[in-house]
């Protein structure tokens, strides 16, 4: 089990990001302000690929991995690296909280889903996110999607920020018939 760094132990770039997120959330912003301003902060963090510890970027041969990088002591938000082995994907799932999805290395493809007569159908074209890019999810913006590594021959690494301890939040995976099953994702390093 890997050590989950506390704020004083964070790499300097990640520490600056956490400090800026703390300041943003201390102002009591709306969700749209979090998405806009937090997204800009995350893009600034992703502009440099010299801060993520190697231990938090290790793929698993079968499943994507989610490593906790930082958990706000008040649990207002969490920061995690998502490590995708070649061709790996999530099931269709939700988050139940706001989230900022950014790419540090490689690329992710996200496909939004919507209920359509009791079943689920793809909602629009898939979104390709490349290194340095950020998108947002939330119950208000659209919260149900599936995500996959855009590459079948290399690892991709995302950095995601969520408005709760995403590893502990009860979320849902969805079957093609629209039925849902609760789950908690946990973390590879906890």
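In the working numbering, the protein residues as written are 128 to 317. By construction, the Cβ of each residue, glycine as well, lies at the ideal position given by its N, Cα and C atoms. If you're wondering where the values come from, they're calculated on a predicted model, not measured in any experiment.
Check: Cα-Cα separation between residue 192 and residue 185, rounded to whole angstroms; Outcome: 8 Å
Check: Segments of 4+ residues assigned as alpha helix (DSSP H) that fall wholly inside the segment 129 to 171; Outcome: 139 to 153
Check: Through-space distance from residue 280 to residue 224, alpha-carbon basis; Outcome: 32 Å
Check: Spatial distance of residue 205 from residue 238 (CA atoms); Outcome: 23 Å
Check: Environment of residue 229 [buried if 16+ CB atoms lie within 10 Å]; Outcome: buried
Check: Option in 316, 285, 273 with minimal Cα separation from residue 301; Outcome: 273
Check: Collapsed DSSP secondary structure at residue 182 in the structure displayed; Outcome: helix
Check: Distance CB(residue 381)-CB(residue 169) smaller than 9 Å; Outcome: Any question about residue 381 goes unanswered here, given that the chain covers just 128 to 317.
Check: Short Cβ contact (9 Å threshold) for residue 199 with residue 250; Outcome: no
Check: 9 Å Cβ cutoff met for residue 212 and residue 180; Outcome: no
Check: Within the segment 208 to 264, ranges of the beta strand (DSSP E) (whole runs, at least 3 residues); Outcome: 226 to 232, 234 to 243, 246 to 249, 254 to 257, 261 to 264
Check: For residue 272: DSSP bridge partner residues; Outcome: 220, 239
Check: Chain-order list of residues whose beta-carbon lies under 7 Å from that of residue 303 (same chain, five-residue window excluded); Outcome: 246, 247
Check: Neighbourhood of residue 144 by C-beta distance below 8 Å, restricted to the same chain and skipping five residues each side; Outcome: 168, 169, 171, 172, 206
Check: Spatial distance of residue 243 from residue 275 (CA atoms); Outcome: 23 Å
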